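Just so you know, the protein sequences line up as chains X and R, in that order.
Start counting the first sequence at 1; every next residue gets the next number (our numbering).
Start counting the second sequence at 45; every next residue gets the next number (our numbering).
Backbone N, C-alpha and C define an ideal beta-carbon position, used for all residues, glycine too.
Computed from a predicted structure; not experimentally measured.
What follows is a single structure, written as structure tokens, with notes after it.
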Amino acid sequence: MKLIRRLMAALTATILAAAAIRVRGSGGTPPQHGGWQPVDLPER
Amino acid sequence: MNAADPSARASSDPEVRGDAVAVIGNGVVGQRVVKRLELKGPGRRIVRLDERTTDLSRTRRLDQVAVAVLAHPGPHHAAARALVSRGVSVVSVGDRVADVDSMIRFSASAIGGGATLVVGAGMSPGLTGVIARHLAAQLAEVDEIHVAIHGTAGPACARQHHRALAGVALSYDETGFVTSRAGSGRELAWFPEPVGAYDCYRAEMPVARVLHDVFPTVTRITARMSANRRDRFTSRLPMLTPPHPEGGVGAVRVEVRGADHDGGRQTVIGGVAEMVGTAAAATAASYVEHILDGSLPSGLVLPGDEQIDNAGLLRRIVRFGVRLQEFTGVPSA
Numbered sequence: 001m002k003l004i005r006r007l008m009a010a011l012t013a014t015i016l017a018a019a020a021i022r023v024r025g026s027g028g029t030p031p032q033h034g035g036w037q038p039v040d041l042p043e044r
Numbered sequence: 045m046n047a048a049d050p051s052a053r054a055s056s057d058p059e060v061r062g063d064a065v066a067v068i069g070n071g072v073v074g075q076r077v078v079k080r081l082e083l084k085g086p087g088r089r090i091v092r093l094d095e096r097t098t099d100l101s102r103t104r105r106l107d108q109v110a111v112a113v114l115a116h117p118g119p120h121h122a123a124a125r126a127l128v129s130r131g132v133s134v135v136s137v138g139d140r141v142a143d144v145d146s147m148i149r150f151s152a153s154a155i156g157g158g159a160t161l162v163v164g165a166g167m168s169p170g171l172t173g174v175i176a177r178h179l180a181a182q183l184a185e186v187d188e189i190h191v192a193i194h195g196t197a198g199p200a201c202a203r204q205h206h207r208a209l210a211g212v213a214l215s216y217d218e219t220g221f222v223t224s225r226a227g228s229g230r231e232l233a234w235f236p237e238p239v240g241a242y243d244c245y246r247a248e249m250p251v252a253r254v255l256h257d258v259f260p261t262v263t264r265i266t267a268r269m270s271a272n273r274r275d276r277f278t279s280r281l282p283m284l285t286p287p288h289p290e291g292g293v294g295a296v297r298v299e300v301r302g303a304d305h306d307g308g309r310q311t312v313i314g315g316v317a318e319m320v321g322t323a324a325a326a327t328a329a330s331y332v333e334h335i336l337d338g339s340l341p342s343g344l345v346l347p348g349d350e351q352i353d354n355a356g357l358l359r360r361i362v363r364f365g366v367r368l369q370e371f372t373g374v375p376s377a
């Protein structure tokens, strides 16, 4: 029972920490589109 | 043929020269240059020479030749000097720092008879400069140019890659040219697919030297090449394994940073993913065609030169089978 309580406490702490980083973090969202695209050069 | 042979004199008058092209060097790049020139000008006379067995300053086989492509393992400066002094335009794919520097320095005094000397007409220097100029045209002001290359063409190119990782790397910043130990300065570069991401390092390459001449106001120029742990660990030793006949798909990535017309910071990135020999040959062959149709001035021409028809040159390179790509989706700073 003691082990289960500890596991639950650790899991809750992890979730809270992840949520805090997710909400308060300032890293921004990485680009979700784009990449290398072929270029068509105009004819003159 | 001896020095006193009067028949050895070459015509230096560009009017009497045809559109014959000499290709010196029969490696991966030389063979592909020949293929592209034959494709573009069926019936055109192409003279293939070996610089080790031919006196380029005297041979009569160059009498009717307008342009010579130097695609043999470097150094190229002696051959270039011999050719331009007899009025033959030269397109060099050389990529050794001292060799390129030497060709640029002697060009002012040695070029005669309306000849053109193109220094750096391979993948790098060469295609990288052309792409840099193409990208710079999208900006109002350019501050930084960063070049990364991946891959090698034939065995001579692989040996040069090996030497470059053991030499002295050259970059340019506000204080002037800066030297660093080759193999340092790891940076992850994303090349066009299918090459993808590779760790790249400073190396002894003439890119900064050449690009500074054509972009004199740019305050930061760097060049890196991809290498793996074994390349860097063994760079100061002789090559432990014989170089491959030809490397796989290589790539170049050119990043140009600057400002747009509203003063906002912009970064534009272009590149190609192609067999290195194919990209180098397409670039060299495009310079040859540009010389033959009169699109290049006489004298020294460097890749990315503002004075030449860079867009036309890039179109030619693309028509010779190199697919230009641009990176989109860059988050703004």
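Assignment of beta-bridge partners to Y245 of chain R by DSSP yields R:M269. When rounded, the separation of the alpha-carbon atoms in P287 of chain R and A197 of chain R is 10 Å. With respect to the C-alpha of P42 of chain X, the residue from R:A355, R:P250, R:E350, R:I189 having the closest C-alpha is R:A355. The beta carbon of F221 of chain R lies closer than 8 Å to those of L214, S215, A252, R253, H256 in the same chain, with the five residues before and after it left out.
Its Cα nearest to that of R89 of chain R, the residue R:V65 stands out among R:R276, R:E188, R:V65, R:V162. For D217 of chain R, no alpha helix (DSSP H) run applies; the uninterrupted beta strand (DSSP E) run containing it begins and ends at 212-217, by DSSP.
In summary, G315 of chain R is buried, with 16 or more beta-carbon neighbours lying within 10 Å of its beta-carbon over all protein chains present. Around the C-beta of R360 of chain R, 16 or more other C-beta atoms lie within 10 Å, and the residue is accordingly described as buried.
Rounded to the nearest whole angstrom, the CA to CA distance from P250 of chain R to P169 of chain R is 7 Å.
When DSSP states are grouped into helix, strand and coil, S151 of chain R belongs to the helix group. At a cut-off of 8 Å between beta carbons, G25 of chain X makes no contact with chain R. DSSP places G321 of chain R in the helix class (H, G or I) of the three-state scheme. CA-to-CA, the gap between S26 of chain X and G34 of chain X works out to about 22 Å. Among the CB atoms of chain R, none fall inside 8 Å of the CB of L11 of chain X. Here E333 of chain R is buried. Its C-beta has 16 or more other C-beta atoms within 10 Å.
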